[in-house]
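Single-structure report; data block below.
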Amino acid sequence: MNKKSMPKVETQLERETFHLKASNGGGLLSFEVWGYVKDGKTVVTRYNLAYINRLICQKDNGRVLGFDNAHDYHHRHYMGKVAPVEFVSYEQTLERFQEEWQIIVKGLKKGKKWQK
């Protein structure tokens, strides 16, 4: 078997959890990414991005916001609701996740009430 015909082996590329201080909204951020490297480039096959804060959302295991591609489709979790999203790239999804959770935290700092 030559190198080109070898099967792709998916591995976990990233698994990080960050606990946010109360002054930064509290809760935690979770990043899980799986994939493989092909021709020197990373190919992401699965991902799970989540902002979890049970003080804001008691549904969906406390997931206030999340993006993942489990169950064979790309989707967004928000306050216990799930909706499909258009997928362009993992990088674009990560950027959207970063922007959205920061908007939520800014709202918390300004005293915005979130629906439970």
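The sequence shown begins at 0 in numbering that gives the first Met the number 0 and counts up one residue at a time.
We put the CB at the ideal spot given by N, CA and C, even for glycine.
{"Check": "I'd like the ranges of any beta strand (DSSP E) spanning at least 3 consecutive residues and lying wholly in the stretch 15 to 84.", "Outcome": "27 to 37, 40 to 51, 62 to 67, 74 to 77, 80 to 83"}
{"Check": "Is the beta carbon of residue 26 sitting closer than 7 Å to the one on residue 68?", "Outcome": "no"}
{"Check": "Can you name the start and end residues of the alpha helix (DSSP H) that residue 116 belongs to?", "Outcome": "In the structure displayed, the chain extends from 0 to 115; residue 116 sits before or after that span and is not available."}
{"Check": "Assign residue 42 to one of two classes, buried (16 or more other C-beta atoms within 10 Å of its C-beta) or exposed (fewer than that).", "Outcome": "exposed"}
{"Check": "Based on DSSP bridge pairs, tell me the residues matched to residue 13.", "Outcome": "32"}
{"Check": "CB residue 59 to CB residue 70, shorter than 7 Å?", "Outcome": "no"}
{"Check": "Classify residue 106 as helix, strand or coil using the three-state DSSP reduction.", "Outcome": "helix"}
{"Check": "In chain order, what residues of the same chain have a beta carbon less than 6 Å from the beta carbon of residue 78, not counting five sequence neighbours either side?", "Outcome": "56"}
{"Check": "On a CA-only basis, which of 22, 19, 12, 21 is nearest residue 36? Give me that one, please.", "Outcome": "12"}
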